[in-house]
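So for the sequence shown, our numbering puts the first residue at 1037; every next one is plus one.
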Amino acid sequence: MPTNNQEKWEIDLIEKLSAIEHERWADWQKYVFSKCEVLIDGSTMIPKWAVEQWTRQIETPYDKLTEAEKDSDRREVNRYFPILRQEIRQAKIEGLKMAQRIMIEYKEELNAVDCEIDNQIDQAISNLQKQ
């Protein structure tokens, strides 16, 4: 549900990530149902072992999980990386383009600042060499 103050790129990213989240959730539901017993009325019953295991995992902070459980979480998080990598790459490109436009626009001012900084560095080096 986009809000009025969100930019288009934010809305697009939310939609892409939401599609991955739905896929992740659907896979989890398939897994849960595969472990359940279907009752005669069509409802399902979660086996005791699963309730105990999942309750323990729910109540356990991430850093206290077993490595196998952490690996399972990591695999799920990895679903998001292709989109995040693409968004980060695009943000870097946009940032570089903006920096390039600023450098072009303020070239003379930047050259003057560079010269002043160079002079200050030369002076500091000279002072240190005299000591």
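Positions of the beta carbon are idealized from the N, C-alpha and C atoms, including for glycine.
Since this is a predicted model, take the numbers as computed values, not measurements.
Which residues does DSSP list as the beta-bridge partners of methionine 1081?
Methionine 1081 pairs with Glu1073.
Kindly list the residues whose CB is nearer than 7 Å to the CB of leucine 1075, restricted to its own chain and excluding five residues on each side of it in sequence; keep chain order.
Same-chain partners within the cutoff: Met1081.
Contacts around valine 1149, its chain only, beta-carbon distance under 8 Å, and the 5 residues preceding and following it disregarded:
Non-local C-beta neighbours of valine 1149 in its own chain, meaning closer than 8 Å and more than five positions away in sequence, are absent.
With a Cβ-Cβ cutoff of 9 Å, do aspartate 1109 and leucine 1120 count as a contact?
It is not a contact, given that the beta carbons lie outside the stated cut-off.
3 or more residues per run - each beta strand (DSSP E) lying fully within the segment 1085 to 1130:
For the segment 1085 to 1130, not a single whole beta strand (DSSP E) run of length 3 or above is found.
Close beta carbons around glutamate 1057, own chain, < 7 Å, minus the five adjacent residues each side
Cβ contact annotation for glutamate 1057 (same chain, cutoff 7 Å, sequence separation greater than five): none.
DSSP three-state assignment for tyrosine 1067, whether helix, strand or coil
Annotated three-state conformation of tyrosine 1067 is helix, per DSSP.
Glutamate 1105 and threonine 1096 closer than 9 Å at C-beta:
Between glutamate 1105 and threonine 1096, the C-beta spacing is below 9 Å.
Best match in Pro1083, Glu1059 and Tyr1098 for proximity to serine 1070 [C-alpha to C-alpha]:
Closest option to serine 1070, Cα to Cα, is Pro1083.
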